[in-house]
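Undergrad: My questions will all concern the structure given below.
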Amino acid sequence: MMKNNQNDKLILDFVDDYYDMFRFKEHNIYNTEITIQSSIIFKGNSNGTIFDYKNNYYGNIHMSCEKKELLVKFENIIFKNFDPSSQHRVGIVTFMSAIDDFQLQFYNCTFINIIVNNLVLHLNPVIIYPVEKPQILYDKCNFFNNTDIGISIVHENKYSQYISDIYKYFTIKYTNCDFIDNNVYYEYHNNGYIFENCYFSNPKIDISYPLFIPYPHSSGVIIKFINSIFDNIYMKKPNPYILADGLDLE
Numbered sequence: 041m042m043k044n045n046q047n048d049k050l051i052l053d054f055v056d057d058y059y060d061m062f063r064f065k066e067h068n069i070y071n072t073e074i075t076i077q078s079s080i081i082f083k084g085n086s087n088g089t090i091f092d093y094k095n096n097y098y099g100n101i102h103m104s105c106e107k108k109e110l111l112v113k114f115e116n117i118i119f120k121n122f123d124p125s126s127q128h129r130v131g132i133v134t135f136m137s138a139i140d141d142f143q144l145q146f147y148n149c150t151f152i153n154i155i156v157n158n159l160v161l162h163l164n165p166v167i168i169y170p171v172e173k174p175q176i177l178y179d180k181c182n183f184f185n186n187t188d189i190g191i192s193i194v195h196e197n198k199y200s201q202y203i204s205d206i207y208k209y210f211t212i213k214y215t216n217c218d219f220i221d222n223n224v225y226y227e228y229h230n231n232g233y234i235f236e237n238c239y240f241s242n243p244k245i246d247i248s249y250p251l252f253i254p255y256p257h258s259s260g261v262i263i264k265f266i267n268s269i270f271d272n273i274y275m276k277k278p279n280p281y282i283l284a285d286g287l288d289l290e
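Okay, structure coming up:
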């Protein structure tokens with residue numbers, strides 16, 4: 041791994057092709073805790089650097105952010121075989137923030153065989169800021185053979201009950217992403233989802249949940265699909281693939 045600073049951004053270059061994340065368990069290191077003070081980029085090599093968790097959860101990243109307008113970006117990284125199912129709300133990345141005004145991005149990343157949560161968000165903003173860009177962006181990412189919760193969200197805000205368009209203040213966007221052979225669902229909790237130019241194919245035949253499930257007391261949730269394709273969707277369970285009850289679906 042190499043470290044350099046550019047334009048007030050900390051860039052961590054993972055130059056090797058493969059990292060065995062199970063070594064964290066061998067050294068009894070549960071996670072890596074990071075307090076975000078400046079923008080930071082985790083950058084794999086051009087072929088895609090593999091983080092292999094070997095069906096465990098050690099080595100997950102726990103981030104906390106208290107400053108506005110900071111960027112956290114993961115680029116060219118292949119996350120595989122992550123399984124925190126024995127834990128409560130643990131993601132590959134667990135992101136905690138007291139503000140809404142931040143950017144968390146995944147660019148050209150791949151998620152393979154993730155069992156519960158590629159991302160956990162716990163937000164408790166004192167003040168909400170209207171933002172023009174989605175706070176969470178997955179761009180040109182692939183999702184293969186993942187199971188259970190895709191993203192887990194707890195977005196606590198005492199003002200949210202008075203704001204009908206809360207999604208304008210907290211939005212998760214996927215653009216140019218492929219979702220293939222997955223059995224996942226996405227929680228929504230005072231947030232919006234946007235899927236643009238995305239491809240969904242062949243959800244596992246035993247899929248047990250609709251694609252979106254509300255967190256209790258959610259409000260003002262809008263989900264948009266723009267120029268997206270659904271292919272080979274065969275449901276054998278009573279649940280529909282998309283349950284629009286309580287949603288503004290576009």
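Residues 41 to 290 in our numbering are what the sequence shown lists, from first letter to last. Every residue, glycine too, gets a C-beta built ideally from N, C-alpha and C.
(1) Between Phe-119 and Glu-227, what straight-line distance do the alpha-carbon atoms span, to the nearest angstrom?
(2) Using only CA atoms, which one of Val-133, Leu-161, Gln-175 and Phe-265 lies nearest to Cys-217?
(3) What does the Cβ neighbour count give for Val-130, buried or exposed, with the cut at 16 atoms within 10 Å?
(4) From Gly-190 to Ile-132, what distance separates their C-alpha atoms?
(5) Shortest alpha-carbon distance to Glu-236 belongs to which of Cys-181, Asn-158 and Asp-123?
(6) Between Pro-174 and Thr-211, is the Cβ-Cβ spacing less than 8 Å?
(7) Using three-state DSSP, classify Pro-256 as helix, strand or coil.
(8) If you drop the 5 nearest sequence neighbours on each side, which residues of the same chain put their C-beta closer than 6 Å to that of Tyr-214?
(9) Does the beta-carbon distance from Phe-54 to Gly-88 come in below 8 Å?
(10) In three-state DSSP terms, what is Lys-107?
(11) Near Asp-271, what residues of its chain come up, given a Cβ to Cβ distance below 6 Å and the 5 sequence neighbours on each side ignored?
(12) Classify Ile-262: buried if its beta carbon has 16 or more other beta carbons within 10 angstroms, exposed otherwise.
(13) Considering Glu-73, what are the terminal residues of the beta strand (DSSP E) in which it resides?
(14) Would Asp-60 and Asn-95 qualify as a contact pair, given that the criterion is a beta-carbon distance under 8 Å?
(15) Compare the C-alpha of Ile-74 against each of Asp-48, Phe-82 and Ile-152 and name the closest.
TA: Reading from the atomic positions:
(1) 21 Å
(2) Phe-265
(3) Buried, by the Cβ-count rule.
(4) 11 Å
(5) Cys-181
(6) yes
(7) Residue placement at Pro-256 is poorly supported in this model, since its pLDDT is 46, which falls under 50; the coordinates still yield a value, given next. Note: Pro-256 maps to coil in three-state DSSP.
(8) Tyr-178, Phe-235 and Cys-238
(9) no
(10) In the structure shown, the three-state DSSP call for Lys-107 is coil.
(11) Cβ within range, chain order: Ser-241.
(12) Looking at its Cβ environment, which holds 16 or more other Cβ atoms inside 10 Å, Ile-262 is buried.
(13) 71-76
(14) no
(15) Phe-82
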